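Notes follow the structure.
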Amino acid sequence: MIRAILLILLVLVVMRLVRRFLAPVRPGAERDSQAWDPHAVLGVDRGASPDEITRAYRELLKRYHPDRVADLGPELQRLAHQKTVELQRAYAELTR
Numbered sequence: 001m002i003r004a005i006l007l008i009l010l011v012l013v014v015m016r017l018v019r020r021f022l023a024p025v026r027p028g029a030e031r032d033s034q035a036w037d038p039h040a041v042l043g044v045d046r047g048a049s050p051d052e053i054t055r056a057y058r059e060l061l062k063r064y065h066p067d068r069v070a071d072l073g074p075e076l077q078r079l080a081h082q083k084t085v086e087l088q089r090a091y092a093e094l095t096r
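Each residue of the sequence shown is one higher than the one before, starting from 1 at the first, in the working numbering.
Okay, structure coming up:
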């Protein structure tokens, strides 16, 4: 009985992670150079302080780091790597 409950919980967690990584790109976070907005990628306002930008970057980096999804398969790990690269690019752009 406990094994069945744990299996169901594991399946729900994996489904939630898959939905999060396969979610459509938010408006303003497109990848082409003209429409790409580092503020939208990090989820901060345009007038955000450097501390707020750093806090948002670190929080998102913890959430999307490839090591956190290493056991969920190569597809999710690849998506996590892409998201991490995008976060790093946005952070570098805002901290110049």
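All C-beta atoms, glycine included, are put in the ideal place defined by N, C-alpha and C. No experiment lies behind these values; they were computed from the predicted model shown.
Range of the contiguous alpha helix (DSSP H) that encloses residue i
i   : result
L72 : Looking at the DSSP string, L72 is not in any alpha helix (DSSP H), and its letter there is neither H nor E.
R63 : P50 to Y64
A40 : P38 to L42
Rounded straight-line distance, which links the Cα of residue j to that of residue i
i   : j   : result
P74 : V18 : 12 Å
H39 : A80 : 19 Å
E30 : R78 : Note that E30 scores a pLDDT of 48, beneath 50, so its modelled location is shaky; the value from the coordinates is reported in the next line. Using only the alpha carbons, I get a separation of about 18 Å.
R55 : R96 : 16 Å
L9  : M1  : 13 Å
V85 : R68 : 15 Å
Cutoff 7 Å; reference residue i; Cβ partners in own chain excluding five residues on either side
i   : result
E93 : P38
A90 : P38, V41 and L42
K83 : Y64
V11 : none
Close Cβ partners of residue i (< 8 Å) along its chain, the five nearest in sequence each way excluded
i   : result
L87 : V41, L42, Y57, L60, L61 and Y64
Of the residues the options, the one placed nearest residue i, counting alpha carbons only
i   : options               : result
M15 : L72, R96, V85 and T95 : L72
R20 : R55, L76 and I53      : L76
6 Å CB neighbourhood of residue i in its chain, flanking five on each side removed
i   : result
E52 : V44
Three-pair Cβ contact test at 8 Å for the segment 63-77 versus the segment 36-45: no
The segment 3-15 / the segment 46-60 touching (three or more Cβ pairs under 8 Å): no
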